[in-house]
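Each residue of the sequence shown is one higher than the one before, counting from 1439 in my numbering. Written below as structure tokens is the structure these notes are about.
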Amino acid sequence: MNRRFKSLAPIILLLAVKASSAHSQAADTAVPKLVLFITIDAMRPDYLTRFESQLSGGLGRLYRGGAVFTNGYQDHAITETAPGHSATLSGRFPVHTGISANSAGVADTTVSLIDATGLGASPFRFRGSTLVDWLVAKDPRTRVLSVSRKDRAAILPIGKSKQPVFWYAPNGNFTTSTYYASTLPAWVAAFNARRTPGSYAGKAWQLQLPDSAYPEADSIPAEAGGVNFRFPHAEPSTADSAALTLAEYPWMDDLTLQFALAGVDALSLGAGPQTDVLAISLSTTDAIGHRYGPDSRELHDQILRLDRSLGVFLDSLFRIRNQKDVVIALTADHGLTPFPEVHARDPNTGAMRVNVRPVLQRLSNALATAGVPGYGLNYLGGYTGNGFSFDGGVLELNRPALAKARINQDSLLHALRADFLSIRGVARADRISELARSDTVTDNIARRWLHMFDNEGKAAMVVTLAPYNYWASISPTAQHGSPNDSDAHVPILFFGADIKPGRYTEFARVVDMAPTLAVLARVTPLEKLDGHVLQNAIK
Ligand SMILES: [Zn+2]
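Structure (structure tokens):
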């Protein structure tokens, strides 16, 4: 026995030494010191392919040197900013993050903004954890910064975590809410004191490249509601007005990136042995896409300017942090559908604006006659009638009120479906209980609705328009928000020392990004995720 024990001892010792050296190797060299997660609001994947030859900055660098998933989706139905951002670092669909729409996003009247006025915002509706929580659980030294022009785009990527989270207020300050802090840190106050937004007063947005570099016509009256749809676009002449309208100009993204860089320095992000997180959401592609559409000259120029700003940002970041220690992920919160009147690249020749208001009016009248009172919900958009509300294709019923009036809800929904389908441009009207029985592999629309809602308490019926159709609306802006591919298709891209560059055509979802980053950062998610590791992208 003794002899045998003795003879094994050196082997055990050797194994122990090997294990410890492998461990320290992974900790010292392989784990990224910084995860840089970039969300470009309303970035369609074709912006990368269409403008590739002109992308000489950061976008071009990431696109050419990264692992690019060309068949990537926000695989849920309500393709709005809040649900899209809730999926990025959580690895879970909105049905599990609890963020189902912008109207049920971050607005929170129990908190207030710091050094700014306006509606308070917090992640109180967000459920579950994100990559930030997993990293902090592994190593409490983990540092985090999340920034955007929009509150929901700064808050939701990192979930409920009380970290430095800042967004832009129309008074020209980057702000946060009392959910996170009671005062702004010195570096944010110093950045605000520069008053950069006001310095854009009177500046005109001109084309970045010579006129001949843009195949798009500049005189499309469908753009911008037919008002000021030609270059140049001038900022207002006073500092306050320039700060107020900055969101509509390409330099908003540049300012957001400058702010993020100041934060990297102030918080020493990526300088420690642990993995830190910098989440940046750039909102101007969304603002300009909404105003001028995805086929506009303005959108083209915005992407070129974003590319240049991102190039300067990455160059600056890699001067203070080693590029091999940084892993970058890039995606979008949703896409964008062209104006129904503009036919450029998408196969949208039959696109129309669909008005379902007569159906809703008939429903409201019928319920009022049956004695159902008004719903009393305060919706930001959409339609509220007696006993129901309708927003973004989602019909909610006031079930107790209907039950009290002895209305058979099954027959009501049956009749209502037929009424919706009688409107030209409506593709389908489904009940969640029926969708759950459909083939969710081949039926993209059913699957995307089921990634949004799991019971009929939240959505009695969901209405989907045919691809490329718009909801009739008084707003002249280009739309997104549907489960159709023009809104759901987004870029999914990774870039870094442990990433295998190339083009990947496999089906990928934004919820796959967090688990993939978790593997790279050698951290274990704290709960069950909807996403899977995109193993092919990892060296
Ligand atoms: Zn958005």
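Beta carbons are placed, not taken as given, at the ideal position from N, Cα and C, and that holds for glycine. These figures come from a predicted structure and were not determined experimentally.
Task: CB of P1521 within 9 Å of CB of A1539, strictly - done: As a working mapping, residue 1521 is identified with position 83 in the sequence shown. As a working mapping, residue 1539 is identified with position 101 in the sequence shown. For the pair P1521 and A1539, the CB atoms are nearer than the 9 Å cut-off.
Open item on the list: In the DSSP output, what is D1691 paired with across the bridge?
Closed with: Locating residue 1691 in the sequence shown gives position 253, counting from the first residue. Per DSSP, none; premise fails for D1691.
- [ ] Compare the beta carbon distance of S1615 and V1549 with 9 Å and say whether it is the shorter of the two.
- [x] The sequence position of residue 1615 within the sequence shown is 177, counting from 1. The sequence position of residue 1549 within the sequence shown is 111, counting from 1. Less than 9 Å separates the beta-carbon of S1615 from that of V1549.
- [ ] Compute every distance between the C-beta of A1559 and the non-hydrogen atoms of ligand 1, then say whether any falls below 8 Å.
- [x] Counting from 1 along the sequence shown, the entry for residue 1559 is found at position 121. No - ligand 1 has no heavy atom lying nearer than 8 Å to the Cβ of A1559.
Task: Near ligand 1: E1518 beta-carbon under 8 Å from a heavy atom - done: Position 80 of the sequence shown holds residue 1518. Indeed, a heavy atom of ligand 1 lies less than 8 Å from the Cβ.
Open item on the list: Under DSSP, the beta strand (DSSP E) around E1944 begins and ends at which residues?
Closed with: Translated into positions along the sequence shown, residue 1944 becomes position 506. Run containing E1944: G1940 to R1947, per the beta strand (DSSP E) assignment.
Task: CA nearest to the CA of A1843, picked from N1824, R1587 and Y1485 - done: Numbered from 1 along the sequence shown, position 405 holds the residue referred to as residue 1843. When only C-alpha atoms are compared, the closest one is N1824.
Open item on the list: Does the distance between the C-beta of A1545 and the nearest non-hydrogen atom of ligand 1 fall short of 8 Å?
Closed with: Within the sequence shown, residue 1545 is the residue found at index 107, counting from 1. Not a single heavy atom of ligand 1 lies less than 8 Å from the C-beta of A1545.
Task: Same chain, Cβ closer than 7 Å to L1752, five either side skipped, listed in chain order - done: Position 314 of the sequence shown holds residue 1752. G1496 and R1499, listed in sequence order.
Open item on the list: Please determine whether the Cβ atom of G1406 lies at a distance below 8 Å from any heavy atom of ligand 1.
Closed with: Residue 1406 lies beyond the range of the chain shown here (1439 to 1977); nothing can be said about it.
Task: N- and C-terminal bounds of the beta strand (DSSP E) containing S1719 - done: Taking the first residue of the sequence shown as 1, we reach residue 1719 at position 281. Bounds of the beta strand (DSSP E) holding S1719 are D1714 to L1720.
- [ ] Check whether the Cβ of A1554 sits closer than 8 Å to any heavy atom of ligand 1, and report yes or no.
- [x] For this step, residue 1554 is matched to residue 116 along the sequence shown. No, ligand 1 has no heavy atom inside 8 Å of this Cβ.
TODO: Starting from the Cα of D1714, find the closest Cα among L1705, T1722 and S1721 and give me that residue.
DONE: For this step, residue 1714 is matched to residue 276 along the sequence shown. For the options L1705, T1722 and S1721, the alpha carbon positioned closest to that of D1714 is the one of L1705.
- [ ] Take N1611 and list the residues in its own chain whose beta-carbon comes closer than 7 Å to its own, dropping the five residues that flank it on each side.
- [x] Taking the first residue of the sequence shown as 1, we reach residue 1611 at position 173. Excluding sequence neighbours, N1611 sits near D1553, A1554 and N1630.
Open item on the list: Checking 9 Å against the spacing of the C-beta atoms, do A1709 and R1757 come in under that value?
Closed with: Against the sequence shown, residue 1709 aligns to sequence position 271. Against the sequence shown, residue 1757 aligns to sequence position 319. Cβ atoms of A1709 and R1757: not closer than 9 Å.
- [ ] Output the distance between the C-alpha atoms of Q1973 and T1954, rounded to the nearest integer angstrom.
- [x] The residue you call residue 1973 lines up with position 535 of the sequence shown. The residue you call residue 1954 lines up with position 516 of the sequence shown. In this structure, the alpha-carbon of Q1973 lies about 7 Å from that of T1954.
Open item on the list: Please classify P1776 as buried or exposed, where buried requires at least 16 neighbouring CB atoms within 10 angstroms.
Closed with: In the sequence shown, counting from the first residue as 1, residue 1776 sits at position 338. Label assigned to P1776: buried.
Task: Runs of beta strand (DSSP E) wholly within the segment 1821–1866 (minimum 3 residues, chain order) - done: Scanning the segment 1821–1866 for uninterrupted beta strand (DSSP E) segments of 3 residues or longer gives 1821–1823, 1826–1829 and 1832–1835, listed from N- to C-terminal end.
Task: Contiguous alpha helix (DSSP H) assignments of at least 4 residues, all confined to the segment 1631–1709 - done: The qualifying runs are 1677–1683 and 1689–1705.
Open item on the list: Let me make sure I understand the geometry here. Which of W1643, W1887 and L1774 has the alpha-carbon closest to that of I1870?
Closed with: One-based indexing of the sequence shown puts residue 1870 at position 432. Among W1643, W1887 and L1774, the Cα nearest to that of I1870 belongs to W1887.
Task: the segment 1910–1927 / the segment 1767–1787 touching (three or more Cβ pairs under 8 Å) - done: The segment 1910–1927, when compared against the segment 1767–1787, does touch it at the 8 Å Cβ threshold.
TODO: For V1961, collect the residues of the same chain with a Cβ closer than 6 Å to its Cβ; drop the 5 residues on either side in sequence, then sort them by chain order.
DONE: Working through the sequence shown from its first residue, we reach residue 1961 at position 523. Only W1572, L1573 and K1576 meet the Cβ criterion.
Task: For L1873, the three-state DSSP class (helix, strand or coil) - done: Reading the sequence shown from its first residue, position 435 is the one you call residue 1873. Helix, per DSSP.
TODO: Report yes if the CB atom of G1749 is closer than 9 Å to the CB atom of R1837, and no otherwise.
DONE: Sequence index remark: in the sequence shown, residue 1749 carries index 311 (1-based). Sequence index remark: in the sequence shown, residue 1837 carries index 399 (1-based). No, Cβ-Cβ distance for G1749 and R1837 is not below 9 Å.
Open item on the list: When you compare the CB positions of P1635 and L1684, do they come within less than 9 Å of one another, or not?
Closed with: Residue mapping note: residue 1635 aligns to position 197 of the sequence shown, counting from 1. Residue mapping note: residue 1684 aligns to position 246 of the sequence shown, counting from 1. In contact: P1635 and L1684 (Cβ atoms closer than 9 Å).
- [ ] Starting from the C-beta of T1613, find all residues in its chain whose C-beta is less than 7 Å away, skip the five residues before and the five after it, and write them out in chain order.
- [x] Here residue 1613 corresponds to residue number 175 of the sequence shown, with the count starting at 1. Closer than 7 Å at the Cβ level, and outside the excluded window around T1613, lie L1551, I1552, D1553, A1554, F1604, W1605 and A1607.
Task: Reference I1937; option with closest CA among A1926, S1924 and M1951 - done: Working through the sequence shown from its first residue, we reach residue 1937 at position 499. Ranking A1926, S1924 and M1951 by CA distance to the CA of I1937 puts M1951 first.
Task: Cutoff 6 Å; reference F1507; Cβ partners in own chain excluding five residues on either side - done: Counted from its first residue, the sequence shown places residue 1507 at position 69. Hits under 6 Å: I1930, Y1942 and A1946.
Open item on the list: Quick check: does the Cβ of D1571 come within less than 8 Å of any heavy atom belonging to ligand 1?
Closed with: Residue mapping note: residue 1571 aligns to position 133 of the sequence shown, counting from 1. Checking every heavy atom of ligand 1 against the Cβ of D1571, none is found closer than 8 Å.
- [ ] Check whether the Cβ of H1970 lies closer than 8 Å to any heavy atom of ligand 1, and answer yes or no.
- [x] Numbered from its first residue, the sequence shown carries residue 1970 at position 532. Flag unset: Cβ of H1970 not near ligand 1.
Open item on the list: For a test of the three-state rule: what should DSSP assign to N1974, helix, strand or coil?
Closed with: For the purposes of this step, residue 1974 is identified with residue 536 of the sequence shown, where counting begins at 1. Helix.
Open item on the list: In the DSSP output, which residue or residues are listed as bridge partners for H1523?
Closed with: As a first step, residue 1523 must be located in the sequence shown, where it is residue number 85. Per DSSP, none; premise fails for H1523.
TODO: For V1900, I'd like the list of residues in its chain whose CB is within less than 6 Å of its CB, leaving aside the five on either flank, ordered along the chain.
DONE: The residue labelled residue 1900 in the question sits at position 462 within the sequence shown. Excluding the 5 residues flanking it on each side, V1900 has same chain C-beta neighbours closer than 6 Å at G1831, V1832, D1868 and W1887, in chain order.
Open item on the list: In the DSSP assignment, the alpha helix (DSSP H) including M1951 goes from what residue to what residue?
Closed with: What you label residue 1951 is simply residue 513 of the sequence shown in a count that begins at 1. M1951 -> alpha helix (DSSP H) spans M1951 to L1958.
- [ ] Confirm the yes/no value for this check: CB of D1925, any heavy atom of ligand 1, distance under 8 Å.
- [x] In the sequence shown, residue 1925 corresponds to position 487, counting from 1. Checking the Cβ of D1925 against ligand 1 gives no.
TODO: Below 6 Å CB to CB, which residues in the same chain sit around K1598 once its five sequence neighbours on both sides are set aside?
DONE: To locate residue 1598, count along the sequence shown from 1; it is residue 160. Correct list, in chain order: P1561 and F1564.
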